[in-house]
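Student: In the numbering used here, the protein residues as written are 2 to 195.
Where a beta carbon is used, it is the ideal one built from N, C-alpha and C, also for glycine.
One structure, as structure tokens, below. Some questions next.
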Ligand code: GRF
């Protein structure tokens, strides 16, 4: 299974997937990493693993669609099975999403359909949730609204600090993304997705 990672930030989800590959827990190859941020830490992580990285400068393109077209030219040279958004912080446009329909996955730090969009954890905390979640879903033209492949829900406790909650959430994310990629055929079959 060939994976192209889209990421804007630290890339801990990228690293978790790559670790699972190296440990032969996941039979896959990350063929490239593409970022909309030149200085994203994910570039460094990918270089360590000798995985090619690309920076798409959206400001140098007249429109988001044009930037995403540049992105798709790179993606197509690698012919990935899945485009894995791992902390990719831009909304993908319709042309891009339609072109790769059924191939784009995202991880979102909430129990979707609750708390879509930015600052999902903070939204949940502001709402006094005692239970939060992480979801892996297909990307469609809606914001964090594509079909959910799998989610985990876990409790948060009053004495936990924000950084403890964040770290717990990231651990769940890392496990869940690997699990979904590992079992994607079965998950799709169960859900009747082609
Ligand atoms: C994750 O929490 C993910 O859910 C959100 O952005 C964060 C990315 O973290 N969409 P990282 O760059 O993988 O460390």
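Heavy atom of the ligand GRF less than 6 Å from the Cβ of residue 1, yes or no?
Tutor: Summary: the structure shown does not reach residue 1, with the chain confined to residues 2 through 195, and so no result is reported for it.
Student: Short check: CB of residue 119 to CB of residue 136, under 7 Å?
Tutor: No. Outside cutoff.
Student: Is residue 10 near the ligand GRF, judged by its Cβ being under 6 Å from some heavy atom?
Tutor: Yes; taking the cut-off as 6 Å, the Cβ of residue 10 has a heavy atom of the ligand GRF nearer than that.
Student: Taking residue 54 as the reference, give the member of 66, 26, 31, 62 with the closest Cα.
Tutor: If we check each option's Cα against that of residue 54, 31 comes out closest.
Student: Give the single residue among 177, 103, 141, 144 whose Cα lies nearest to the Cα of residue 155.
Tutor: Taking only the C-alpha atoms, the option nearest residue 155 is 177.
Student: Taking one C-beta from the stretch 137-157 and one from the stretch 99-112 each time, how about it: are there three or more such pairs within less than 8 Å?
Tutor: The stretch 137-157, when compared against the stretch 99-112, does touch it at the 8 Å Cβ threshold.
Student: Helix, strand or coil: which one does DSSP assign to residue 52?
Tutor: Residue 52 falls in the coil class under three-state DSSP.
Student: Is the beta carbon of residue 138 less than 7 Å from the beta carbon of residue 184?
Tutor: Contact flag unset, no.
Student: Straight-line CA distance for residue 13 to residue 100?
Tutor: Whole-angstrom Cα-Cα distance: 27 Å.
Student: Quick check: what's the CA-CA separation for residue 182 versus residue 142?
Tutor: Roughly 22 Å separates the two Cα atoms.
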